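All remarks here apply to the structure that follows.
Numbering (this note's numbering), first residue to last: 6 to 523.
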């Protein structure tokens, strides 16, 4: 039955579905379902055009078999309601479909001119929220008794659980009107199943937007590594050694990181233009320097995050040759700026959040190398000790209440890089020499992730921050091979492949380097 009813004091017994209109004149005994608000109150998450209020002239009774259903907005305090002139006794169940939710607010869903309603009306709990009612004054009042954003049925892990913990702290602190609709939206999302809820929790974390910070230390390591050698080997009677030279290098690298736990995998592609030189400032002492410009592109495998950036690097290197031994020390610094775009598939809120994180890096590298050669072949074992510091200043995403306020994060990493290189000397006509070479080594790092703290822009005071970690492998296998062509006067051209492999990532690079002695 639908609409207003006039019984002239008679009684209607409802054993089916009744959707009230604006008025009900008579006595109502509900043993079925009373749906306040009509169709709009029967679909979770639907936007309401209006809330209904039924004026009930007479008594209202619901038995333990009955159900009352209504819609509510705890933020604007609009809701479907009944006002009765007679006695009200409510048992049975109450179903609430909320458009917005807040703690510490009560809605007088049923009022009576005849005093305090009686009975026990039991709201049905959802996966995330527990409702409760109490009879006080002339009304039955509805409120949210408890929220649990980390409900066991949702099976959250890692960063997802930390986001849920942040939401929980905010709710327990009183909630936020800016997030009231979001709380209700999450309740609707949870009804779709654990997988959908997990994805929306992942949407709220920075995720792959942390890649510029995580990758900055690897990029700095590659920059300082490129300054370590400007070799020449033009004569079988002369040793494989350093020389005064200027050089330029262009390289393209493609890195793919697998997803881990709740963090999406990603691709990180760069093009680097590096130029440098070194000069013998005293017998067997070389002082050099280098600058580089790099473009970068990051894409999350889940298509949730994408971004582009530019970075610049500058460094100095000092080398000492002691017979077949070479000792090197490098100091460098870098700065990068990125434009990141994070998508959020959350109804009722903006679809994208944009940010502009910066990255500052400082790196050092110490190397000890020993070359063994017979004039045709050589073997060069070497070991590097590195120290790198990276910092991402805090930044604010653009957007609405679901955008992130990301705190500054920093990290100091110690690294050990044992490796060896083998190569040969091949003479061609016109004094041209070819030097094929290959190397293999390890990169051992003191850290296994990049961590930052963030909070939702709409979170209330007292909700703190949540932690997000971007995993990084602490053991990386490095391999490479190349071919250098030297003229009789020492100028050279080198093509090279470099690969880096770990348990969850692989990186491939190709480069071309030109060097001219002076």
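Yeah, the Cβ is synthetic: ideal placement off N, Cα and C, and Gly gets one too. Given the structure is predicted, the values throughout are model-derived calculations rather than measurements.
Alpha-carbon to alpha-carbon, residue 207 and residue 380: The count along the chain shown starts at 1 and reaches residue 380 at position 375. The count along the chain shown starts at 1 and reaches residue 207 at position 202. The alpha-carbon atoms of residue 380 and residue 207 are separated by roughly 58 Å.
Buried versus exposed, by CB contacts within 10 Å (16 or more), residue 279: Position 274 of the chain shown, counted from the start, is the residue given in the question as residue 279. Looking at its Cβ environment, which holds 16 or more other Cβ atoms inside 10 Å, residue 279 is buried.
For residue 293: DSSP bridge partner residues: As a working note, residue 293 is residue 288 in the chain shown. Beta-bridge pairing links residue 293 to 283, 322.
Residue 183 in three-state terms, based on DSSP: Reading the chain shown from its first residue, position 178 is the one you call residue 183. If DSSP states are grouped into helix, strand and coil, residue 183 belongs with the helices.
Meets three-Cβ-pair contact criterion under 8 Å: the stretch 384 to 394 and the stretch 177 to 197: no
Limits of the beta strand (DSSP E) - the one that residue 389 falls within: In the chain shown, counting from the first residue as 1, residue 389 sits at position 384. Unbroken beta strand (DSSP E) run through residue 389: 382 to 397.
Nearest neighbour of residue 172, chosen from 446, 409, 295 [CA to CA]: Working through the chain shown from its first residue, we reach residue 172 at position 167. Looking at the Cα atoms, 409 is the closest of the given residues.
Where residue 238 falls, given that 16 or more other Cβ within 10 Å makes a residue buried: Position 233 of the chain shown holds residue 238. Counting Cβ neighbours within 10 Å, residue 238 comes out buried, since at least 16 surround it.
Distance, residue 375 Cα to residue 431 Cα: Against the chain shown, residue 431 aligns to sequence position 426. Against the chain shown, residue 375 aligns to sequence position 370. Straight-line Cα distance between these residues: approximately 21 Å.
Other residues of its chain near residue 505: CB distance less than 6 Å, five sequence neighbours each side excluded: By 1-based counting over the chain shown, the position of residue 505 is 500. Answer for residue 505: 481, 483, 512, listed in chain order.
Simplified DSSP state of residue 225, which is helix, strand or coil: Residue numbering aside, residue 225 sits at position 220 when the chain shown is read from its first letter. Three-state DSSP puts residue 225 in a helix.
Residue of 338, 100, 113, 255 minimising C-alpha distance to residue 88: Position 83 of the chain shown, counted from the first residue, corresponds to residue 88. It is 113 whose Cα lies nearest to the Cα of residue 88.
Anticipated Cβ contact below 8 Å, residue 438 with residue 517, distance rounded: Position 433 of the chain shown, counted from the start, is the residue given in the question as residue 438. Position 512 of the chain shown, counted from the start, is the residue given in the question as residue 517. About 18 Å separates the two Cβ atoms, so there is no contact after all.
Distance CB(residue 303)-CB(residue 411) smaller than 8 Å: To locate residue 303, count along the chain shown from 1; it is residue 298. To locate residue 411, count along the chain shown from 1; it is residue 406. No. Outside cutoff.
Selected residue, minimal CA-CA separation from residue 83, among 72, 418, 41: As a working mapping, residue 83 is identified with position 78 in the chain shown. Selected option, being the one with the closest Cα: 41.
Under 8 Å between C-beta atoms of residue 554 and residue 310: The question about residue 554 has no answer, for the chain in this structure spans 6 to 523.
Enclosing beta strand (DSSP E) for residue 255 [first to last residue]: Stepping through the chain shown from its first residue, residue 255 is reached at position 250. It spans 250 to 262 - the beta strand (DSSP E) in which residue 255 sits, taken as one unbroken run.
Residues near residue 352 by beta carbon distance below 6 Å, same chain, minus five either side: Sequence index remark: in the chain shown, residue 352 carries index 347 (1-based). Taken in chain order, the residues that qualify are 190.
Through-space distance from residue 108 to residue 59, alpha-carbon basis: Taking the chain shown and counting its residues from 1, the one referred to as residue 59 is at position 54. Taking the chain shown and counting its residues from 1, the one referred to as residue 108 is at position 103. When rounded, the distance between both Cα atoms is 26 Å.
One or two residues paired with residue 454 in a DSSP bridge: Along the chain shown, read from residue 1 onward, the residue named residue 454 stands at position 449. Note: residue 454 sits in a beta bridge opposite 476.
Selection from 32, 26, 9, 24 that minimises the alpha carbon distance to residue 18: By 1-based counting over the chain shown, the position of residue 18 is 13. The shortest C-alpha separation from residue 18 is found at 32.
Assigned exposure category for residue 67 - 16 Cβ within 10 Å defines buried: Mapped onto the chain shown, residue 67 falls at position 62. That one is buried.
Which listed residue (78, 63, 30) has its alpha carbon closest to that of residue 52: The residue given as residue 52 occupies position 47 in the chain shown. The candidate whose alpha carbon is nearest that of residue 52 is 78.
Terminal residues of the alpha helix (DSSP H) in which residue 174 lies: Against the chain shown, residue 174 aligns to sequence position 169. 163 to 177 is the span of the alpha helix (DSSP H), which, as asked, contains residue 174.
Simplified DSSP state of residue 220, which is helix, strand or coil: As a position in the chain shown, residue 220 is number 215, starting the count at 1. Residue state, collapsed to three classes: helix.
Rounded distance between the beta-carbons of residue 120 and residue 143, thought under 8 Å: Against the chain shown, residue 143 aligns to sequence position 138. Against the chain shown, residue 120 aligns to sequence position 115. Residue 143 to residue 120, Cβ: 6 Å. Contact.
Start-to-end residues for the beta strand (DSSP E) that takes in residue 28: In the chain shown, residue 28 corresponds to position 23, counting from 1. Looking at the DSSP string, the run of the beta strand (DSSP E) that includes residue 28 is 22 to 35.
Cβ contact check for the stretch 452 to 461 and the stretch 160 to 167: 3 or more pairs under 8 Å: no
Whole-Å CB distance - residue 283 paired with residue 255, under 8 Å assumed: To locate residue 283, count along the chain shown from 1; it is residue 278. To locate residue 255, count along the chain shown from 1; it is residue 250. Rounded, the Cβ-Cβ distance is 19 Å, inconsistent with contact.
Exposed unless 16 or more other CB atoms sit within 10 angstroms - verdict on residue 15: As a first step, residue 15 must be located in the chain shown, where it is residue number 10. Label assigned to residue 15: exposed.
Sheet register partners of residue 18 (DSSP bridge): Taking the chain shown and counting its residues from 1, one reaches residue 18 at position 13. The partner list for residue 18 (beta bridge, DSSP) reads 34.
Assigned exposure category for residue 28 - 16 Cβ within 10 Å defines buried: Mapped onto the chain shown, residue 28 falls at position 23. By the neighbour-count rule (16 or more Cβ atoms within 10 Å), residue 28 is not buried but exposed.
Paired residues, beta bridge with residue 189 - DSSP: Mapped onto the chain shown, residue 189 falls at position 184. None, per the DSSP bridge assignment.
C-beta atoms of residue 106 and residue 407 nearer than 8 Å: The count along the chain shown starts at 1 and reaches residue 106 at position 101. The count along the chain shown starts at 1 and reaches residue 407 at position 402. Contact flag unset, no.
Contiguous beta strand (DSSP E) assignments of at least 3 residues, all confined to the stretch 101 to 159: 111 to 117, 134 to 141, 144 to 152
Candidates 521, 493, 485, 477: closest to residue 223 by CA position: Here the question's residue 223 lines up with position 218 in the chain shown. The shortest C-alpha separation from residue 223 is found at 477.
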